[in-house]
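Using this note's numbering, read the sequence shown as starting at 1 and increasing by one per residue. Here's the structure, in structure tokens; my notes come after.
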Amino acid sequence: MKQNYKVSVDSDLLKKYNQPGPRYTSYPTAPHFNTDIGAEKFGHWLDALDQHATLSLYAHIPFCDTLCWFCGCHTRHTLQYKPIAAYLEVLKMEIAAIGARVNPAAQVHNLHFGGGSPTILTPEDLKSVVEAFRAAFRFGPDTEIAFEIDPRDITEDKLDALAEAGLNRASIGVQDFDPDVQAAINRHQSVEETRRIVDGLRARGVRSINIDALYGLPRQSRERVMATLDRVVEMRPDRIALFGYAHVPW
């Protein structure tokens, strides 16, 4: 269905921020990490946190069962669960170690799982990794627990597990629904399976749903991007994140 959009944007604001910059996904940002930053320095940073500070925690699950050819995130392809299980074992050790270092009065404001594909985890591990955080940190009734979700690898059992773990915010990857574009980026995902996940999350009480879309991909056109956004809007997400393709061939 064709949608009519009327958007008002401050042109001065666009000019102000229309410039390249580093992807701000961590602090310090990636260009500032080096071999001088080790466990000791990281520990000093933890010690310096305000005892009344609220915490934002991020857990990275660097595994995918298929690789999208546009992706610049740190991940690796695997069809076996053994490396994932080994990684989770070490991750839980780090969760416990950091939790023991920060002030126990510090409350978690949000916990975000990204990747990679966090939903590559089994239902049991989806619950256990959240429980590891709950055991190590102080959570409140309003703590945001968010997962990046790949509709291609999530099952009803995994949706149930996420709901049991306290999921209240989900970010669903779409990028583009056009089959020709999907073939060019090695990411095949239908509107129907995406809608199934959106509906499944809402049925389980998740009230904050984000959908990611991407422009600048091979074989895209303005018309194809707008067609994808029309389908996304029909799903009535709470937020749409529209990203520009970044060519980072590392």
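For each residue, glycine too, the CB sits at the ideal point set by N, CA and C.
How long is the line joining the alpha carbons of Leu-242 and Asp-212, rounded to whole angstroms? 6 Å
Distance check for His-109 and Phe-139, CA to CA, integer angstroms please. 8 Å
Can you tell which of Phe-63, Pro-31, Phe-177 has its C-alpha closest to the C-alpha of Val-225? Phe-177
Would you call the CB atoms of Val-181 and Leu-217 closer than 8 Å? yes
Leaving out the 5 sequence neighbours to the left and right, which residues in its chain are closer than 7 Å to Val-232 when beta-carbon positions are compared? Val-174, Ile-211, Ala-213, Ile-240
For the beta strand (DSSP E) containing Ser-171, name the first residue and the last one. 169-175
Take Pro-151 and list the residues in its own chain whose beta-carbon comes closer than 7 Å to its own, dropping the five residues that flank it on each side. Ile-172, Gln-189, Glu-193, Thr-194, Ile-197
Does Arg-222 pass the burial test, meaning 16 or more other C-beta atoms within 10 Å, or should it be called exposed? exposed
Answer with buried or exposed for Lys-158, where buried requires no fewer than 16 other C-beta atoms within 10 angstroms of its C-beta. buried
Output yes or no for whether 8 Å exceeds the beta carbon distance between Ala-184 and Arg-219. yes
Reducing DSSP to helix, strand and coil, say where Arg-239 ends up. strand
Do Gly-114 and Cys-64 have their beta-carbon atoms positioned less than 8 Å apart in this structure? no
Three-state secondary structure assigned by DSSP to Leu-91: helix
Backbone CA spacing between Ile-154 and Met-235 [nearest angstrom]: 18 Å
Which residue marks the beginning of the alpha helix (DSSP H) containing Arg-134, and which one marks its end? 123-136
Using the Cβ count rule (16 or more neighbours within 10 Å means buried), how would you classify Ile-149? buried
With the cut-off set at 8 Å, would you say Pro-118 and Ala-161 are in Cβ contact? no
Classify Gly-244 as helix, strand or coil using the three-state DSSP reduction. strand
Can you tell me which of Val-102, Thr-75, His-77 puts its alpha carbon nearest to the alpha carbon of His-44? Val-102
For Arg-169, does the count of other Cβ atoms within 10 angstroms reach 16, so buried, or fall short, so exposed? buried
Alpha carbon to alpha carbon, how far is Leu-79 from Phe-147? 21 Å
Comparing alpha-carbon positions, which option in Thr-54, Gly-166, Pro-237, Asp-47 lies nearest Ala-106? Thr-54
Can a CB atom of chain C be found closer than 8 Å to the CB of Ile-240? The chain labelled as chain C is not found in the depicted structure, where only one protein chain is given.
Check the DSSP bridge columns for Gly-251 and list the partner residues they point to. Residue 251 is absent from the structure shown; the chain starts at 1 and stops at 250.
From the DSSP output, read off the bridge partner residues of Asp-212. Gly-173, Ala-241
With C-beta atoms as the reference, is Ile-251 less than 8 Å away from Ala-132? Past the boundaries of the shown model lies residue 251; the chain is included only from 1 to 250, so the question cannot be answered.
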